[in-house]
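Residue numbers (this note's numbering), protein chains in the order written: chain A, 2 to 327; chain B, 1443 to 1805.
Glycine included, each C-beta is placed from N, C-alpha and C at the ideal position.
Right, one structure below, let's go through it.
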């Protein structure tokens, strides 16, 4: 067992599947010799060869469309989008074909494919490198959208994504690629998709988040504990399809909810979770649902990104307000 | 200033039969096999009869929007005839000829255009893709399928087809570009029928040919008379053999004329010049092949009559099967969304089924 970062866990999971499943093939821009611009695929081409870890031409629609073609033949492609901000040319292929092939052929052709993309703000990156557009993908039936928040989850969820018989959009919160290390045993054990993780049990308020914001949310929970507020913290992890049962169970216990996300507020995953809670557990609520999010603005270039991103203090302010509600 | 030429290109045009059905050069061996040529003539006649029936079904409210292949039959039938069962077809919406040749049934095609995805659950061509509706996405799929075939060391080719207008899309270039780099076994057919709905070819490109777009991808590009089935088949056979044997991709521009509307939802009389169309009718592929067969004493009016009666029976049987196919229930919206329906969606499935049952009960 070794202590590894989130990005090393992504690498380890892909290596495990390359080792154990001959149908797994990895491609994208700079993923081969260079090992990816973040080093997510570091060393994989050297170990598994240029036939299975492939530097592709620079064209995102092509990368996604090739994955569709290869997966339809029973291969298990893992395609990398270098940054989520550049995924949009591939949206045509992902929405019109990856998400629909099983349905369109009544199950005759299925697409066991993964599209990976680093996403989110906080690393002082150039323009178009920091957005959180996960809700666009979560809105499309036929896709699964998975976001790991820490190294062990990245390892287990990536294994599950590769083995899943349907297309998975695997979004990696790049701000936390190297922020913490976990002891992760490289044993090929996957985590379930479509399952939330309860990272902290509590009885007073439910804090719900995913991806990089889980770190601020867990810090906020510790500070709330010092104030005598016992917060339960849920990592949604698979944002589509969402495991609402775990969320509703928690809400029924605490009666108070705060949703934390980096993405803009309107039409978001937070909106969807709040709507589901309103539909199915409104009578358990002791206070209005609170939301801490990015603003409904263009993701600013890096001089303003700290002011855009939710902070521990913003979460604390909202959680206290929810706790004070009578 | 002194310069050197670092690259240059030429595009070859292939034709064996002129519009009068007269050979323009020594014919390939298959063209002298009159049984084979009669079969190709019949295949084109079947496609034309099927199209006419599909149009009638749409006009009488029995089927949805349908794109016919009138005047372009030699393309799909020609390259479809060059395919083997092991090859993979990635069709677009005007690939009916190649689909029929590759074992996709008339009933399945009607079911698809009749609004039921079950029509894409092919009974024979199990690896072929469903019809690609968004323009040019299929070009990349073909390269992806060919990459898988290449990685597994199989000797199979992939065929895909696109209209000339579709070659303006980014996906077209991205797909042929990677096929060139990776030496993938794809045959890219360009149906240059002069029209992208109402937009003529001169508004689509400044290139002299569509075939030369292959040059920018570093692959072979050729042009054929798309109304000459001998030329289409001969060039396609070369391209498929090359694709199956590690020779890489070929782009074939087949020049023809769309004698029909874009689809049943279109009215070409709004933009097409009737005089040009009248001229185009003189060039169409069936008349040409019939003249060739007649010149070789391989076809008569009696043969024509007998063939038409036979074909009508086949098409009618397919229409009957289409009309009698079970109507899809609402569960089909849910049952092939994922391998397993998400918990959150299960109540929606139950609700949709209940609503349908209620509606049936109310009748």
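Pairwise C-alpha distance: residue j and residue i
| i | j | result |
| --- | --- | --- |
| residue 115(A) | residue 303(A) | 30 Å |
| residue 1753(B) | residue 1487(B) | 8 Å |
| residue 1668(B) | residue 143(A) | 39 Å |
| residue 14(A) | residue 3(A) | 14 Å |
| residue 1632(B) | residue 1514(B) | 11 Å |
| residue 1628(B) | residue 1617(B) | 10 Å |
| residue 6(A) | residue 42(A) | 14 Å |
| residue 1700(B) | residue 267(A) | 47 Å |
| residue 1769(B) | residue 1763(B) | 12 Å |
| residue 1685(B) | residue 1587(B) | 13 Å |
| residue 1727(B) | residue 90(A) | 39 Å |
| residue 291(A) | residue 207(A) | 10 Å |
| residue 1695(B) | residue 1638(B) | 15 Å |
| residue 1511(B) | residue 1528(B) | 25 Å |
| residue 261(A) | residue 49(A) | 40 Å |
| residue 1473(B) | residue 1462(B) | 16 Å |
| residue 327(A) | residue 1796(B) | 41 Å |
| residue 1789(B) | residue 1566(B) | 35 Å |
| residue 251(A) | residue 148(A) | 21 Å |
| residue 1611(B) | residue 1503(B) | 33 Å |
| residue 1539(B) | residue 1482(B) | 11 Å |
| residue 1781(B) | residue 167(A) | 7 Å |
Where residue i falls, given that 16 or more other Cβ within 10 Å makes a residue buried
| i | result |
| --- | --- |
| residue 1496(B) | buried |
| residue 1421(B) | Here chain B covers residues 1443 to 1805 and nothing more, so residue 1421(B) does not appear. |
| residue 157(A) | buried |
| residue 98(A) | buried |
| residue 1776(B) | buried |
| residue 1723(B) | exposed |
| residue 174(A) | buried |
| residue 1(A) | Residue coverage of chain A in this structure runs from 2 to 327, which leaves residue 1(A) outside it and unanswerable. |
| residue 1501(B) | exposed |
| residue 1575(B) | exposed |
| residue 151(A) | buried |
| residue 120(A) | buried |
| residue 1443(B) | exposed |
| residue 297(A) | exposed |
| residue 1492(B) | buried |
| residue 1742(B) | exposed |
| residue 186(A) | exposed |
| residue 181(A) | exposed |
| residue 1634(B) | buried |
Residue(s) in a DSSP beta bridge with residue i
| i | result |
| --- | --- |
| residue 1472(B) | DSSP, once it has assigned bridges, lists no residue as partnering residue 1472(B). |
| residue 1665(B) | 1455(B) and 1695(B) |
| residue 79(A) | 27(A) and 115(A) |
| residue 210(A) | 236(A) |
| residue 1642(B) | 1637(B) |
| residue 231(A) | Bridge partners of residue 231(A): none, in fact. |
| residue 197(A) | Its beta-bridge partners do not exist; DSSP assigns none. |
| residue 173(A) | 119(A) |
| residue 50(A) | DSSP lists no partner for residue 50(A). |
| residue 32(A) | Per DSSP, none; premise fails for residue 32(A). |
| residue 5(A) | 183(A) |
| residue 1465(B) | 1459(B) |
From the options, residue whose alpha carbon lies closest to that of residue i
| i | options | result |
| --- | --- | --- |
| residue 45(A) | 59(A), 11(A), 129(A) and 68(A) | 11(A) |
| residue 244(A) | 1649(B), 1606(B), 1787(B) and 1796(B) | 1787(B) |
| residue 66(A) | 327(A), 276(A), 268(A) and 28(A) | 28(A) |
| residue 170(A) | 30(A), 40(A) and 137(A) | 137(A) |
| residue 1737(B) | 1625(B), 1454(B), 1476(B) and 1470(B) | 1476(B) |
| residue 230(A) | 106(A), 87(A), 318(A) and 86(A) | 318(A) |
| residue 113(A) | 202(A), 71(A) and 275(A) | 71(A) |
| residue 193(A) | 185(A), 183(A) and 239(A) | 239(A) |
| residue 1704(B) | 1482(B), 1478(B), 1681(B) and 1508(B) | 1508(B) |
| residue 223(A) | 294(A), 202(A), 32(A) and 126(A) | 202(A) |
| residue 1658(B) | 1619(B), 1673(B) and 1687(B) | 1619(B) |
| residue 100(A) | 86(A), 68(A) and 84(A) | 68(A) |
| residue 1660(B) | 1691(B), 1681(B) and 1678(B) | 1691(B) |
| residue 1756(B) | 1454(B), 1548(B), 1521(B) and 1519(B) | 1548(B) |
| residue 205(A) | 227(A), 190(A) and 255(A) | 255(A) |
| residue 1(A) | 1600(B), 1734(B), 1678(B) and 1800(B) | In the structure as shown, chain A starts at 2 and stops at 327, and residue 1(A) therefore has no counterpart that could be examined. |
| residue 1806(B) | 1557(B), 1531(B) and 1800(B) | Because chain B is modelled from 1443 through 1805, residue 1806(B) falls outside the range shown and cannot be assessed. |
| residue 1821(B) | 1570(B), 1636(B) and 1593(B) | The shown model of chain B, from 1443 to 1805, leaves out residue 1821(B), and the question about it has no answer. |
Alpha helix (DSSP H) segments (min. 4 residues) lying fully within the stretch 259–326 of chain A | The alpha helix (DSSP H) runs of length 4 or more contained entirely in the stretch 259–326 of chain A are, from start to end of the chain, 270–282, 306–309 and 313–325.
Taking only runs of the beta strand (DSSP E) that begin and end inside the stretch 96–137 of chain A, which ones reach a length of at least 3 residues, in chain order?
-> Within the stretch 96–137 of chain A, the beta strand (DSSP E) runs of at least 3 residues that lie entirely inside it are, in chain order, 115–120.
Which full runs of the alpha helix (DSSP H) of 4+ residues lie inside the stretch 1496–1552 of chain B, going along the chain?
-> Complete alpha helix (DSSP H) runs here, min 4: 1515–1523 and 1538–1543.
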